[in-house]
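S.K.:
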Amino acid sequence: MPSADHAIIMYSVYGADVFFNACDLQVPPVFTPLNDDQSINYDIIPAYAKYLADEEIKAVLVGGTTGESMSLSVADRKKIADAWVKAGKSHWLHIMVQVGGAPLPDVLELARYCSEIGVDSLLTLPELYFKPQSVAELVDYVKLVADAAPNLPVLYYHIPSFTNVQIHMPSFVLEATQSIPTFKGIKFTSNDLSECAQVLRALKKGQQVFLGSDTLIAPAALLNIRSSIGTTFNLFPRLAQNILETVDTTVLDKVMKLQEKLSLAIEALTIEGRWVPVMKAGMEIVSGLKMGPPALPQTPISEEAKKRIESRLRTLEMII
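Count along the sequence shown from 1, add 26, and you get the number used in the working numbering.
1) My understanding is that Ile121 touches Val86, with C-beta atoms under 8 Å, so please give their C-beta distance in whole angstroms.
2) Quickly, what does DSSP pair Val53 with across the bridge? List them, please.
3) Pull up the CB-CB distance for Ala228 and Val199, whole angstroms please, since I reckon it's below 8 Å.
4) Please look up how many angstroms separate the CB atoms of Pro263 and Glu81, rounded, as I've assumed it's under 8 Å.
5) Can you give me the start and stop residues for the beta strand (DSSP E) that Lys210 sits inside?
6) Below 8 Å, can you find three or more Cβ-Cβ pairs linking the stretch 317 to 326 to the stretch 284 to 294?
7) Taking 8 Å as the threshold (C-beta atoms), are Gly314 and Leu261 in contact?
8) So what does DSSP say about Val88, is it helix, strand or coil?
9) Give the DSSP-derived three-state secondary structure of Gln124 in the structure shown.
10) Can you check DSSP and say which residues form a bridge with Val235?
11) Roughly how many whole angstroms lie between the Cα atoms of Ser97 and Thr275?
12) Could you tell me the boundaries of the beta strand (DSSP E) in which Ser147 lies?
13) Would Cys49 be called buried (16 or more neighbouring beta carbons within 10 Å of its own) or exposed?
14) Between Gly89 and Val123, is the Cβ-Cβ spacing less than 8 Å?
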């Protein structure tokens, strides 16, 4: 057990200043574990945090697409943030919370709340109904979120396949950097690696672009895009790091084999249904931690589908 002084040092290692200057960050967006009656299973979160920390994960994203926060109430989202701050800090995890996907007053309330409870950084979606139509409108929206929590770094969540907000991200990054003092970068969930590489070049020191496409880790690394936020990091926490380490040795054949292994594992899951339901099922199969069903209106996959996933993962030697 570390001493109190050592704990302070360990905590500081993953604080915001060091975190946003780090390299090769792999951040799992955590699931929201549910009981069969759709209530939130808070009791499993300490074990969940320990599971990730034991796998050398240094940070988590709470409330992302994987966490289904857009299907939850503001009150529940606050309680989940509380639970992860408490559980995560005991394992020196950097806690990033996604506060968007709700009416603006609720988004600002969540941002303010996070600024008070020990969250390390914020991520926000855009306005999802009255969508921003220009770089300036998107910057104005993110600035409102940042101003609600001026003590926290803020990032933008670019996921156009869900939001249908099609704004040029390199231009947005340049303007946001000028207009928002606490702006620290973006989560880039798009397959357009060319645009992502442009974002990387637009960033300043102390800012990050997190790739959000688990199947593109290896090719992105060849473009020096080396930090990621990926659902599969919950299931296979060390594999992405292995990919990056192999890129460092320039043994590119091995890199692509590792990427192919992760891609095949993803396909073994996604052939059975929608992303969050199949990944929750996969998490239970791989880790033994019960994540429960997806939040309504999504529905769980069948027991037969779970058996097929388990069989495929065994064939791929992802589980023994």
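Backbone N, C-alpha and C fix where the C-beta goes; we use that ideal spot for every residue, glycine too. Quantities reported herein were computed from a predicted structural model and do not represent experimental measurements.
M.R.: The structure says:
1) 6 Å
2) Ile255
3) 4 Å
4) 4 Å
5) DSSP places Lys210 in the uninterrupted beta strand (DSSP E) bounded by 209 to 214.
6) no
7) no
8) strand
9) strand
10) Ile212
11) 43 Å
12) 147 to 150
13) Residue environment analysis places Cys49 among the exposed positions, since fewer than 16 neighbouring C-beta atoms fall within 10 angstroms of its C-beta.
14) yes
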